[in-house]
Amino acid sequence: GRRLRHDSTLAATRTSSRLRVFSHLIVQSADPGGADVLSVTDSIALGTDDRHQQALSAQLQRALAGQSMRLRLLHDGATRLAAGAEAAGEPSNVLPLSPSTLPPGPVRVGDRWHGTLPVPPGGPFGPGADGTLEATYRLDSLTGGGRTAWISLRGGFEPGGGSASGGGRRVTGTVTGAVRLDRRRGWLTDSRFTIVMHSRLPADPATGSAMDFEMRITQHLYAMDKRPGGG
508 GRRLRHDSTL AATRTSSRLR VFSHLIVQSA DPGGADVLSV TDSIALGTDD RHQQALSAQL
568 QRALAGQSMR LRLLHDGATR LAAGAEAAGE PSNVLPLSPS TLPPGPVRVG DRWHGTLPVP
628 PGGPFGPGAD GTLEATYRLD SLTGGGRTAW ISLRGGFEPG GGSASGGGRR VTGTVTGAVR
688 LDRRRGWLTD SRFTIVMHSR LPADPATGSA MDFEMRITQH LYAMDKRPGG G
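Mapping to our numbering: the sequence shown position 67 is 574, numbers consecutive.
Below, the structure written as C-alpha coordinates:
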(Lines of atoms letter the chains of each structure in order from A and count residues from 1; the text may use other names and numbers.)
(Lines give C-alpha, C1' and ligand atoms only; values in the text may rest on other atoms or scores of the structure.)
Protein backbone atom coordinates (compact mmCIF):
# COMPACT_ATOMS: atom_id res chain seq x y z
CA GLY A 1 0.00 0.00 0.00
CA ARG A 2 1.02 3.62 -0.34
CA ARG A 3 0.30 6.26 2.28
CA LEU A 4 0.79 9.99 1.86
CA ARG A 5 0.78 12.46 4.74
CA HIS A 6 1.16 16.22 4.60
CA ASP A 7 1.86 18.36 7.66
CA SER A 8 2.21 22.14 7.83
CA THR A 9 3.76 23.86 10.84
CA LEU A 10 1.31 26.74 10.37
CA ALA A 11 -1.98 24.91 9.75
CA ALA A 12 -3.83 23.22 12.60
CA THR A 13 -5.18 20.41 10.40
CA ARG A 14 -3.50 17.32 9.00
CA THR A 15 -4.38 15.46 5.81
CA SER A 16 -3.71 11.74 5.70
CA SER A 17 -4.17 9.37 2.76
CA ARG A 18 -3.41 5.70 2.29
CA LEU A 19 -3.37 3.93 -1.05
CA ARG A 20 -3.20 0.14 -1.04
CA VAL A 21 -2.48 -1.71 -4.28
CA PHE A 22 -2.93 -5.49 -4.37
CA SER A 23 -1.25 -7.32 -7.24
CA HIS A 24 0.26 -10.66 -8.22
CA LEU A 25 3.04 -11.82 -10.56
CA ILE A 26 2.81 -14.47 -13.28
CA VAL A 27 6.01 -15.96 -14.71
CA GLN A 28 5.89 -15.96 -18.51
CA SER A 29 9.37 -17.13 -19.48
CA ALA A 30 12.84 -17.67 -18.02
CA ASP A 31 16.42 -17.70 -19.29
CA PRO A 32 19.91 -17.73 -17.70
CA GLY A 33 19.78 -13.96 -17.12
CA GLY A 34 16.41 -13.87 -15.33
CA ALA A 35 12.69 -14.16 -16.00
CA ASP A 36 9.96 -12.19 -17.74
CA VAL A 37 6.91 -11.77 -15.51
CA LEU A 38 3.53 -10.09 -15.77
CA SER A 39 2.39 -7.98 -12.80
CA VAL A 40 -1.42 -7.73 -12.57
CA THR A 41 -3.15 -5.21 -10.30
CA ASP A 42 -6.03 -7.03 -8.60
CA SER A 43 -7.61 -4.17 -6.66
CA ILE A 44 -7.08 -0.63 -5.37
CA ALA A 45 -8.17 0.76 -1.98
CA LEU A 46 -7.84 4.44 -1.10
CA GLY A 47 -8.65 5.84 2.33
CA THR A 48 -8.36 9.54 3.07
CA ASP A 49 -9.82 12.35 5.16
CA ASP A 50 -9.37 14.78 2.28
CA ARG A 51 -12.72 15.47 0.55
CA HIS A 52 -11.05 16.13 -2.79
CA GLN A 53 -9.20 12.80 -2.61
CA GLN A 54 -12.43 11.03 -1.66
CA ALA A 55 -14.00 12.27 -4.89
CA LEU A 56 -11.05 10.86 -6.86
CA SER A 57 -11.08 7.48 -5.11
CA ALA A 58 -13.58 5.75 -7.41
CA GLN A 59 -11.91 7.22 -10.48
CA LEU A 60 -8.51 5.95 -9.34
CA GLN A 61 -9.82 2.47 -8.66
CA ARG A 62 -11.36 2.24 -12.13
CA ALA A 63 -8.17 3.52 -13.76
CA LEU A 64 -5.73 1.12 -12.06
CA ALA A 65 -7.71 -2.04 -11.25
CA GLY A 66 -6.91 -4.75 -13.79
CA GLN A 67 -3.85 -2.92 -15.12
CA SER A 68 -0.86 -5.08 -15.99
CA MET A 69 2.78 -4.41 -16.74
CA ARG A 70 5.67 -6.48 -18.03
CA LEU A 71 8.65 -6.80 -15.70
CA ARG A 72 12.10 -8.31 -15.86
CA LEU A 73 13.16 -10.23 -12.74
CA LEU A 74 16.95 -10.34 -12.77
CA HIS A 75 19.12 -13.19 -11.52
CA ASP A 76 20.10 -11.14 -8.44
CA GLY A 77 16.44 -10.72 -7.42
CA ALA A 78 15.97 -7.14 -8.63
CA THR A 79 12.86 -6.16 -10.63
CA ARG A 80 12.88 -3.70 -13.52
CA LEU A 81 10.48 -2.69 -16.28
CA ALA A 82 10.78 -5.09 -19.20
CA ALA A 83 12.32 -3.89 -22.45
CA GLY A 84 9.81 -1.72 -24.28
CA ALA A 85 7.37 -1.49 -21.35
CA GLU A 86 8.14 2.16 -20.59
CA ALA A 87 7.83 3.15 -24.25
CA ALA A 88 4.47 1.36 -24.37
CA GLY A 89 3.18 3.61 -21.59
CA GLU A 90 2.72 0.91 -18.96
CA PRO A 91 1.85 2.36 -15.51
CA SER A 92 5.20 2.66 -13.69
CA ASN A 93 3.56 4.50 -10.76
CA VAL A 94 2.53 1.09 -9.37
CA LEU A 95 5.79 -0.60 -10.41
CA PRO A 96 6.93 -3.25 -7.90
CA LEU A 97 10.19 -1.93 -6.49
CA SER A 98 13.01 -4.22 -5.46
CA PRO A 99 16.72 -3.58 -4.93
CA SER A 100 19.05 -6.40 -5.98
CA THR A 101 18.43 -9.10 -3.37
CA LEU A 102 20.78 -12.05 -3.81
CA PRO A 103 24.47 -12.01 -2.82
CA PRO A 104 27.20 -12.01 -5.48
CA GLY A 105 28.63 -15.25 -4.08
CA PRO A 106 28.13 -17.97 -1.44
CA VAL A 107 27.18 -16.77 2.07
CA ARG A 108 26.61 -18.33 5.49
CA VAL A 109 23.88 -17.67 8.04
CA GLY A 110 24.64 -14.28 9.59
CA ASP A 111 26.52 -12.90 6.57
CA ARG A 112 25.57 -9.54 5.04
CA TRP A 113 25.73 -8.01 1.55
CA HIS A 114 24.53 -4.87 -0.22
CA GLY A 115 22.02 -4.09 -2.98
CA THR A 116 20.94 -0.91 -4.78
CA LEU A 117 17.92 0.37 -6.72
CA PRO A 118 18.21 3.50 -8.92
CA VAL A 119 15.22 5.85 -8.47
CA PRO A 120 14.67 8.10 -11.54
CA PRO A 121 13.28 11.66 -11.32
CA GLY A 122 9.49 11.64 -11.46
CA GLY A 123 9.35 8.00 -10.36
CA PRO A 124 7.07 6.49 -7.71
CA PHE A 125 8.40 8.81 -4.99
CA GLY A 126 7.33 11.96 -6.81
CA PRO A 127 9.16 14.76 -8.63
CA GLY A 128 12.57 15.72 -7.32
CA ALA A 129 13.04 12.43 -5.44
CA ASP A 130 15.74 10.90 -7.63
CA GLY A 131 18.62 8.97 -6.15
CA THR A 132 19.37 5.43 -5.01
CA LEU A 133 17.86 3.04 -2.49
CA GLU A 134 20.75 1.28 -0.77
CA ALA A 135 19.93 -1.80 1.31
CA THR A 136 21.99 -4.13 3.50
CA TYR A 137 20.79 -7.75 3.46
CA ARG A 138 21.38 -10.45 6.05
CA LEU A 139 20.88 -14.21 5.75
CA ASP A 140 18.99 -14.79 8.99
CA SER A 141 18.29 -18.53 8.85
CA LEU A 142 17.70 -21.68 6.79
CA THR A 143 14.70 -23.98 7.30
CA GLY A 144 13.22 -27.07 5.67
CA GLY A 145 16.54 -28.89 5.60
CA GLY A 146 18.19 -25.87 3.99
CA ARG A 147 15.62 -25.48 1.21
CA THR A 148 14.16 -22.15 2.42
CA ALA A 149 16.35 -19.11 3.10
CA TRP A 150 15.05 -16.22 5.24
CA ILE A 151 16.62 -12.85 4.45
CA SER A 152 16.11 -9.47 6.12
CA LEU A 153 17.00 -6.04 4.73
CA ARG A 154 17.50 -2.54 6.07
CA GLY A 155 18.77 0.60 4.37
CA GLY A 156 18.14 4.14 3.25
CA PHE A 157 17.71 6.56 0.37
CA GLU A 158 20.71 8.42 -1.02
CA PRO A 159 19.49 11.54 -2.90
CA GLY A 160 20.80 12.31 -6.38
CA GLY A 161 21.39 15.61 -8.13
CA GLY A 162 17.69 16.25 -8.74
CA SER A 163 16.81 15.75 -5.08
CA ALA A 164 19.49 18.18 -4.01
CA SER A 165 18.51 20.90 -6.46
CA GLY A 166 14.72 20.49 -6.70
CA GLY A 167 13.81 23.95 -5.43
CA GLY A 168 15.56 23.38 -2.12
CA ARG A 169 13.51 20.28 -1.37
CA ARG A 170 15.27 17.88 1.01
CA VAL A 171 14.52 14.18 0.60
CA THR A 172 15.47 11.34 2.97
CA GLY A 173 14.16 7.82 3.36
CA THR A 174 14.46 4.34 4.88
CA VAL A 175 13.74 0.81 3.66
CA THR A 176 13.12 -2.34 5.74
CA GLY A 177 11.81 -5.75 4.81
CA ALA A 178 12.15 -9.52 4.55
CA VAL A 179 12.49 -12.06 1.74
CA ARG A 180 11.81 -15.81 1.58
CA LEU A 181 13.83 -17.74 -1.02
CA ASP A 182 13.21 -21.27 -2.26
CA ARG A 183 16.80 -22.44 -2.84
CA ARG A 184 15.81 -25.61 -4.68
CA ARG A 185 13.78 -23.67 -7.25
CA GLY A 186 16.11 -20.67 -7.20
CA TRP A 187 13.10 -18.37 -6.82
CA LEU A 188 11.87 -15.64 -4.47
CA THR A 189 8.57 -16.99 -3.13
CA ASP A 190 7.71 -14.06 -0.84
CA SER A 191 9.01 -10.50 -0.49
CA ARG A 192 7.74 -7.83 1.91
CA PHE A 193 9.28 -4.43 2.47
CA THR A 194 8.39 -0.89 3.44
CA ILE A 195 9.89 2.32 2.05
CA VAL A 196 9.30 5.55 3.97
CA MET A 197 10.24 8.80 2.23
CA HIS A 198 10.39 12.18 3.99
CA SER A 199 10.74 15.49 2.17
CA ARG A 200 10.74 19.09 3.34
CA LEU A 201 10.05 22.18 1.26
CA PRO A 202 11.88 25.32 2.41
CA ALA A 203 10.02 27.92 4.44
CA ASP A 204 7.73 30.27 2.54
CA PRO A 205 9.14 33.83 2.92
CA ALA A 206 5.59 35.16 3.36
CA THR A 207 4.66 32.82 6.21
CA GLY A 208 7.99 31.53 7.52
CA SER A 209 6.51 28.03 7.45
CA ALA A 210 8.18 24.97 5.94
CA MET A 211 6.15 22.01 4.65
CA ASP A 212 6.85 18.38 5.54
CA PHE A 213 5.66 15.40 3.47
CA GLU A 214 5.79 11.67 4.14
CA MET A 215 5.22 8.86 1.65
CA ARG A 216 5.01 5.25 2.83
CA ILE A 217 5.10 2.38 0.32
CA THR A 218 4.47 -1.11 1.70
CA GLN A 219 4.95 -3.84 -0.88
CA HIS A 220 4.18 -7.56 -0.77
CA LEU A 221 5.16 -9.74 -3.72
CA TYR A 222 4.55 -13.48 -3.90
CA ALA A 223 4.98 -16.21 -6.50
CA MET A 224 2.03 -18.16 -7.92
CA ASP A 225 2.49 -21.62 -9.42
CA LYS A 226 1.04 -22.08 -12.88
CA ARG A 227 -1.92 -24.43 -12.64
CA PRO A 228 -1.94 -27.51 -14.91
CA GLY A 229 -4.05 -26.83 -17.96
CA GLY A 230 -4.25 -23.14 -17.10
CA GLY A 231 -2.72 -22.07 -20.40
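Where is the CB? At the ideal position from N, CA and C, for every residue including glycine.
Keep in mind the model is a prediction, meaning the values are calculated, not measured.
- Taken through DSSP and simplified to helix, strand or coil, Arg569 comes out as helix.
- When only Cα atoms are considered, Gly638 and Ser607 end up about 15 Å apart.
- Of Gly680, Ser546, Ser648 and Gly667, the smallest CA-CA separation from Arg661 is found for Gly680.
- Per DSSP, reduced to three states, the secondary structure at Val682 is strand.
- For His582, no beta strand (DSSP E) encloses it, and the DSSP letter there is neither H nor E.
- When Ser659, Ala585 and Val626 are compared, the shortest CA-CA separation from Gly617 is found for Ser659.
- Counting along the chain, Leu649 sits inside the beta strand (DSSP E) bounded by residues Gly638 to Thr650.
- Looking from the CA of Gly651, the closest CA among Pro610, Glu721, Met722 and Leu688 belongs to Leu688.
- The beta-carbon separation of Ala656 and Val682, rounded to 19 Å, does not stay under the 8 Å limit for a contact.
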